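A.B. asks: Convert by adding 8 to the 1-based position in the sequence shown; the result is the number in my numbering. Even for Gly, the Cβ is constructed at its ideal location relative to N, Cα and C. No experiment lies behind these values; they were computed from the predicted model shown. Quick one: the structure is below, and I'll ask about it shortly.
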Amino acid sequence: MIDIKSMGYVRVASTDLAQWSQFAGKVLGLAEGRGPNPDHQYWRIDEVSARLVVFPADVDQLAATGWELADHAALQAAREHLEKAGVAVEEGTRAELDERRVQELIRFSDPWDNVFELFHGITYEAHPLVTPYAARFVTGSQGMGHIVVPVGDDVEALRFYRDVLGFRLRDSMSMPGEFVGKEPGSKVWLRFLGVNPRHHSLAFLPMPNPARCVHIMLEVDSLDHVGRALERVLKHGAPLSATLGRHMNDEMVSFYVRSPGGFDVEFGCEGLQVDDGSWVARESTAVSYWGHDFGGGR
């Protein structure tokens with residue numbers, strides 16, 4: 009089994025880096041970092057050199073999600089496990105290691121062409137992080153946040169992420185199959201999976217998405233920082249995808265805003281932490297206890 013510790017970074021392809029500069033810096037309040045490629049944007053939320061990397065391309069979409077492992081032995085075990093499971097593995101080149109500032113890297117795709125990178129030995133910075141609006145992001149052992157990816161088959165996705173990659177099922181929610189183009193009366197599942205105390209680091213939705221991502225979640229340490237970010241969304245005219253609310257499953261108080269990449273960013277606080285020794289996976293009956301109008305409040 010693969011021993012993934014946390015979600016380490018995301019890499020985003022962009023046709024308009026100026027839009028991302030405005031969105032990441034002015035709206036989300038991420039700190040601008042430095043990196044080896046002058047054409048790329050490197051964004052920090054903690055001591056890690058870059059959690060979000062945006063690079064020029066001819067499409068707007070998520071390019072890859074990086075998952076952190078402990079060390080070389082863990083990565084070698086992951087490499088052997090994937091190859092035994094019939095998953096094609098690509099080794100990171102020297103240039104890719106240098107650009108991501110990691111010691112070792114392998115890459116593979118899930119059955120729906122979502123790209124994952126497993127790595128260890130990422131760099132972190134000596135100088136303290138000061139974000140533009142003094143927000144402190146919740147990372148550490150919980151990693152960068154969580155990501156929701158599109159898949160074509162919810163049954164096969166659960167098998168792949170749980171049985172091949174080693175994610176642990178934390179929660180589920182069903183929805184009518186006709187919402188995703190399946191026959192009326194059928195049911196499809198949203199599954200939420202974790203690898204550390206964060207309630208979920210990965211979730212999947214059985215629905216095609218050209219951005220290759222449904223949303224990315226960033227967590228801050230206080231409701232005030234969420235409220236101030238929501239004010240910045242309105243000030244800068246960023247498209248609000250969902251109003252403020254509290255989710256049922258991970259208890260996050262958050263809102264959603266559409267990124268220049270075509271996917272949403274969930275920005276929240278007060279996310280639930282769980283203990284695998286006592287956690288019981290259940291099915292939630294609603295998206296949220298309150299709020300989260302996905303019409304953006306219209």
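1. Following the continuous beta strand (DSSP E) through Ser180, name the residue where it begins and the one where it ends.
2. Is DSSP giving Ser267 helix, strand or coil here?
3. What alpha helix (DSSP H) runs, 4 residues minimum, are completely inside the region 223–298?
4. Measuring only the C-alpha atoms, how far is Asp66 from Val156?
5. Mark Gln49 as exposed unless 16 or more other C-beta atoms lie within 10 angstroms of its C-beta, in which case mark it buried.
6. Gln69 bridges to which residues according to DSSP?
7. Roughly how many angstroms lie between the CA atoms of Val295 and Met181, to the nearest whole one?
8. Assign Asp283 to one of two classes, buried (16 or more other C-beta atoms within 10 Å of its C-beta) or exposed (fewer than that).
9. Comparing C-alpha positions only, which one of Arg266, Pro46 and Ala71 sits nearest to Ser309?
10. Could you tell me whether the region 64–82 touches the region 117–133, where touching means 3 or more Cβ pairs closer than 8 Å?
11. Between the region 223–239 and the region 253–262, are three or more C-beta pairs nearer than 8 Å?
12. May I ask you to report which of helix, strand or coil DSSP gives Ser194?
13. Could you name the residues of the same chain whose beta carbon sits closer than 7 Å to that of Ser230, not counting the 5 residues immediately before and after it, in chain order?
14. In the region 72–115, which residue ranges form an unbroken alpha helix (DSSP H) of at least 4 residues, counting only runs that do not cross its ends?
15. Between which residues of its own chain and Leu90 is the CB-CB distance below 7 Å, once the five residues before and five after are set aside?
16. Identify whether Arg167 lies in helix, strand or coil by the three-state DSSP scheme.
17. Can you find the residues in the same chain that come closer than 7 Å, C-beta to C-beta, to Gly33, ignoring five residues on each side of it along the sequence?
18. What residue range is occupied by the uninterrupted beta strand (DSSP E) comprising Val156?
19. In the DSSP output, which residue or residues are listed as bridge partners for Gly202?
20. Assess contact between the region 153–173 and the region 11–29, defined as three or more Cβ pairs (one per stretch) separated by less than 8 Å. Is contact present?
21. Near Val172, what residues of its chain come up, given a Cβ to Cβ distance below 6 Å and the 5 sequence neighbours on each side ignored?
22. Smallest Cα separation from Gly299: which of Gly253, Glu99 and His207?
23. What does the alpha-carbon distance come out to for the pair Ala85 and Ile10?
24. For Phe302, does the three-state DSSP call read helix, strand or coil?
25. Report the rounded CA-to-CA distance for Tyr297 versus His255, giving the unit in angstroms.
26. Would you mind sorting Tyr132 into buried or exposed? The rule is 16 or more other CB atoms within 10 Å of its CB.
27. According to the Cβ coordinates, are Met107 and Leu83 closer than 7 Å?
28. Does DSSP classify Ala28 as helix, strand or coil?
29. Quick one: is Phe187 buried, meaning 16 or more other Cβ sit within 10 Å of its Cβ, or exposed?
30. Can you list, in chain order, the residues of its chain whose CB lies under 8 Å from that of Ala72, leaving out five sequence neighbours each side?
31. Rounded to a whole number of angstroms, what is the C-alpha to C-alpha distance between Pro268 and Glu291?
C.D. replies: So, to answer that:
1. For this step, residue 180 is matched to residue 172 along the sequence shown. Following the DSSP letters along the chain, one finds Ser180 inside the beta strand (DSSP E) bounded by residues Arg176 to Pro184.
2. By 1-based counting over the sequence shown, the position of residue 267 is 259. Note: Ser267 maps to coil in three-state DSSP.
3. 231–244
4. Mapped onto the sequence shown, residue 66 falls at position 58. Mapped onto the sequence shown, residue 156 falls at position 148. Going from the Cα of Asp66 to the Cα of Val156 covers about 23 Å.
5. The residue given as residue 49 occupies position 41 in the sequence shown. The residue in question, Gln49, is buried, as its Cβ has 16 or more Cβ neighbours within 10 Å.
6. Within the sequence shown, numbered from 1, the residue matching residue 69 stands at position 61. Partner(s): Ala21.
7. The count along the sequence shown starts at 1 and reaches residue 295 at position 287. The count along the sequence shown starts at 1 and reaches residue 181 at position 173. If you take the alpha carbons of Val295 and Met181, they lie about 8 Å apart.
8. For this step, residue 283 is matched to residue 275 along the sequence shown. Answer is exposed; the Cβ neighbour count stays below 16.
9. Only positions 9 to 306 of the chain appear in this structure, which leaves residue 309 out of reach.
10. They touch, by the three-pair rule.
11. yes
12. Residue 194 sits at position 186 when you count from the first residue of the sequence shown. Ser194 falls in the coil class under three-state DSSP.
13. Start at 1 with the first residue of the sequence shown, and residue 230 comes out as number 222. For Ser230, where only same-chain residues beyond five positions count, the Cβ hits under 7 Å are Cys277.
14. Those alpha helix (DSSP H) runs which fall completely within the region 72–115 and span 4+ residues are 80–92 and 102–108.
15. As a first step, residue 90 must be located in the sequence shown, where it is residue number 82. Excluding positions up to five away in sequence, the list reads Val97 and Phe116.
16. Position 159 of the sequence shown holds residue 167. In the displayed model, Arg167 falls within a helix according to three-state DSSP.
17. The count along the sequence shown starts at 1 and reaches residue 33 at position 25. Excluding positions up to five away in sequence, the list reads Glu40 and Pro140.
18. If you number the sequence shown from 1, residue 156 lands on position 148. From DSSP, the beta strand (DSSP E) with Val156 extends over His154 to Pro158.
19. On the sequence shown, position 194 is the one that residue 202 refers to. Note: Gly202 sits in a beta bridge opposite Arg176.
20. yes
21. Indexing the sequence shown from 1 puts residue 172 at position 164. Cβ within range, chain order: Ala93.
22. In the sequence shown, the residue the question calls residue 299 occupies position 291. With distances taken between Cα atoms, Gly299 lies closest to Gly253.
23. One-based indexing of the sequence shown puts residue 85 at position 77. One-based indexing of the sequence shown puts residue 10 at position 2. Between the alpha carbons of Ala85 and Ile10 lies a distance of about 7 Å.
24. Residue 302 sits at position 294 when you count from the first residue of the sequence shown. Note: Phe302 maps to coil in three-state DSSP.
25. On the sequence shown, residue 297 is found 289 positions in, with the first residue counted as 1. On the sequence shown, residue 255 is found 247 positions in, with the first residue counted as 1. Rounded to whole angstroms, Tyr297 to His255 spans 6 Å at the Cα level.
26. Within the sequence shown, residue 132 is the residue found at index 124, counting from 1. By the 10 Å Cβ count, Tyr132 comes out exposed.
27. Reading the sequence shown from its first residue, position 99 is the one you call residue 107. Reading the sequence shown from its first residue, position 75 is the one you call residue 83. The residue asked about is misnamed: residue 107 is Glu in this sequence, not Met. Result no, Cβ atoms of Glu107 and Leu83 do not sit closer than 7 Å.
28. The residue labelled residue 28 in the question sits at position 20 within the sequence shown. Just to set this straight, residue 28 is Trp in the shown sequence, not Ala. In the three-state scheme derived from DSSP, where H, G and I count as helix and E and B as strand, Trp28 is classed as helix.
29. Position 179 of the sequence shown, counting from 1, holds the residue named residue 187. By the 10 Å Cβ count, Phe187 comes out exposed.
30. Against the sequence shown, residue 72 aligns to sequence position 64. Cβ neighbours of Ala72 beyond the five flanking positions: Val18, Arg19, Arg115, Val123, Phe124 and Glu125.
31. Counting from one through the sequence shown, the residue named residue 268 turns up at place 260. Counting from one through the sequence shown, the residue named residue 291 turns up at place 283. If you take the alpha carbons of Pro268 and Glu291, they lie about 32 Å apart.
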